[in-house]
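In our numbering, the protein residues as written are 31 to 221.
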């Protein structure tokens with residue numbers, strides 16, 4: 031059995047960490063992901079077609095953790111204007127940066143509290159209609175100026191800006207095919 035420690039030298043040509051490499055060795059996949067295949071899969075940039083894809087989704091999931099690694103996963107969805115039109119889910123500022131709104135919620139601040147002490151964030155975007163999935167990992171920061179993007183999200187309390195470190199798609203295996211059902215007017219502003 032192969033064991034890795036934090037002191038293990040990780041090859042500089044891989045975006046994988048020691049635990050991922052150890053799991054590959056342990057479960058019989060060592061050497062499958064060479065540097066060339068990984069460089070074709072992992073990107074730092076958000077290409078325009080991907081920006082359009084994630085901006086048009088109705089929701090996504092984020093994962094954050096505190097300083098000791100205790101994790102939290104959260105759902106993030108769109109808000110709607112009085113006419114029932116959705117505000118954008120996220121806004122891609124450039125090829126390495128996106129921002130999303132933080133709306134009024136339960137006031138536990140699980141995700142924001144984690145971001146304050148540990149800026150690492152994982153984002154999972156899934157379109158169940160096309161069965162397409164994209165992961166985005168990066169560094170998050172909270173923008174507290176409520177007016178910063180008020181022209182895009184007038185109902186937001188604050189915003190989270192994410193600088194990408196890894197952007198990659200996954201296969202559609204085991205993603206169920208689902209159709210979206212439009213919200214009724216009474217459901218548009220449930221809080």
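Cβ atoms here follow ideal geometry from the backbone N, Cα and C, with glycine treated the same way. From a predicted model like this one, the values you see are computed outputs, not experimental measurements.
How about residue i and residue j: are their beta carbons less than 9 angstroms apart?
i	j	result
residue 102	residue 140	yes
residue 68	residue 45	yes
residue 110	residue 186	no
residue 165	residue 198	yes
residue 90	residue 154	yes
residue 105	residue 196	no
residue 53	residue 59	yes
residue 94	residue 152	yes
residue 161	residue 205	yes
residue 114	residue 181	no
How far does the beta strand (DSSP E) with residue i in it extend, from its first residue to its last?
i	result
residue 142	Careful: residue 142 lies outside any beta strand (DSSP E), inside the alpha helix (DSSP H) at 140–147.
Are there 16 or more other CB atoms within 10 angstroms of the CB of residue i, so buried, or fewer, so exposed?
i	result
residue 210	exposed
residue 144	buried
residue 107	exposed
residue 177	exposed
residue 78	exposed
residue 208	exposed
residue 131	buried
residue 84	buried
residue 112	exposed
residue 24	With the chain covering only 31 through 221, there is no way to say anything about residue 24.
residue 31	With a pLDDT of only 36 at residue 31, under the threshold of 50, the placement of this residue in the model should not be trusted; the figure read from the coordinates follows. That one is exposed.
residue 147	exposed
residue 128	buried
residue 119	buried
residue 49	exposed
residue 138	exposed
residue 76	buried
Between which two residues does the alpha helix (DSSP H) carrying residue i extend?
i	result
residue 50	48–56
Would you say residue i touches the ligand FMN, meaning its beta carbon is less than 8 angstroms from a heavy atom?
i	result
residue 146	Ligands displayed in this structure: none; no statement on the ligand FMN is therefore possible.
Taking three-plus beta-carbon pairs below 8 angstroms as touching, is the stretch 88–107 in contact with the stretch 173–180? Because the criterion of three Cβ pairs below 8 angstroms is not met, the stretch 88–107 and the stretch 173–180 do not touch.
Complete beta strand (DSSP E) runs within the stretch 129–215 (minimum length 3 residues, chain order): Those beta strand (DSSP E) runs which fall completely within the stretch 129–215 and span 3+ residues are 150–157, 162–173, 188–200.
Length-filtered (4 minimum) alpha helix (DSSP H) runs lying within the stretch 61–122: Here the runs fully enclosed are 65–71, 78–85.
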